[in-house]
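Undergrad: Read left to right, the sequence shown gives residues 4 to 132 (this note's numbering). One structure coming up, written as structure tokens, with questions to follow.
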Amino acid sequence: MRLRFLLLLAGLLMATLPVAAQQAATGTPQAQLVVGADQMPNGYLLESAYPNPFSATATVGFAVTRGQRVEVALYDALGRKVRTLFSSTVESGTRYEAEVDGSGLPSGLYLVRLQGDTFSTTRRVTLLK
């Protein structure tokens with residue numbers, strides 16, 4: 004048995020537990036685990052891009068604990084901004100996704116940067132064509 008957890012927002016962790024039964028069952032059992040606010044002390048979450056490496060597109064998820072304007076941008080290995088992936092005001096506790104589109108870009112290492120009012124964080128993503 005393997006549990007897969009996905010942090011949806013600060014304070015809430017969802018888990019889907021696959022259940023094998025000899026008799027037919029309906030529904031999908033789910034468990035919720037409340038996580039203290041100190042588990043996400045920075046006030047934001049930037050997930051790793053998937054797939055990574057990627058050849059055409061990748062997806063990166065993010066969330067914040069306080070509603071604010073955020074930007075998700077793609078930078079090349081030299082630190083030059085090559086694309087803005089997302090730029091908008093986001094709500095507290097909502098998970099968002101941005102698509103990394105590799106069309107027109109050469110293979111290589113890139114950085115996905117999430118920037119808000121009081122924070123900035125990055126994740127690496129590799130484009131292989």
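We put the beta carbon where it would ideally sit given N, CA and C, even for glycine.
(1) Among Leu48, Gly105, Tyr47, Leu49, which one has its Cα closest to the Cα of Ala61?
(2) I need the straight-line Cα distance from Arg98 to Gly64, nearest angstrom please.
(3) Among all the DSSP beta bridges, which residues are the ones paired with Lys84?
(4) Could you give the C-beta distance for Ser95 and Val67, rounded to a whole number, given that I count them as a contact under 8 Å?
(5) Which word fits Tyr47, buried or exposed, when buried means at least 16 other C-beta atoms lie within 10 angstroms of its C-beta?
(6) Tell me which residues share the same chain as Val73 and place their Cβ nearer than 6 Å to its Cβ, disregarding the 5 neighbours each side in the sequence.
(7) If contacts are defined as beta-carbon pairs under 8 Å, then Ala52 and Val103 qualify, I think. What distance do you get, rounded to the angstrom?
(8) Mapping the DSSP letters down to three states, classify Gly105 as helix, strand or coil.
(9) Expressed to the nearest angstrom, what Euclidean distance is found between the alpha-carbon atoms of Arg83 and Asn45?
(10) Determine the contact status of Tyr113 and Leu77, defining contact as a CB-CB distance below 8 Å.
(11) How many angstroms separate the CA atom of Ser158 from the CA atom of Val75?
TA: In this structure, then:
(1) Gly105
(2) 7 Å
(3) Tyr78
(4) 6 Å
(5) buried
(6) Val93, Gly119
(7) 6 Å
(8) coil
(9) 25 Å
(10) yes
(11) Beyond the ends of the chain as shown, which are 4 and 132, falls residue 158; an answer cannot be given.
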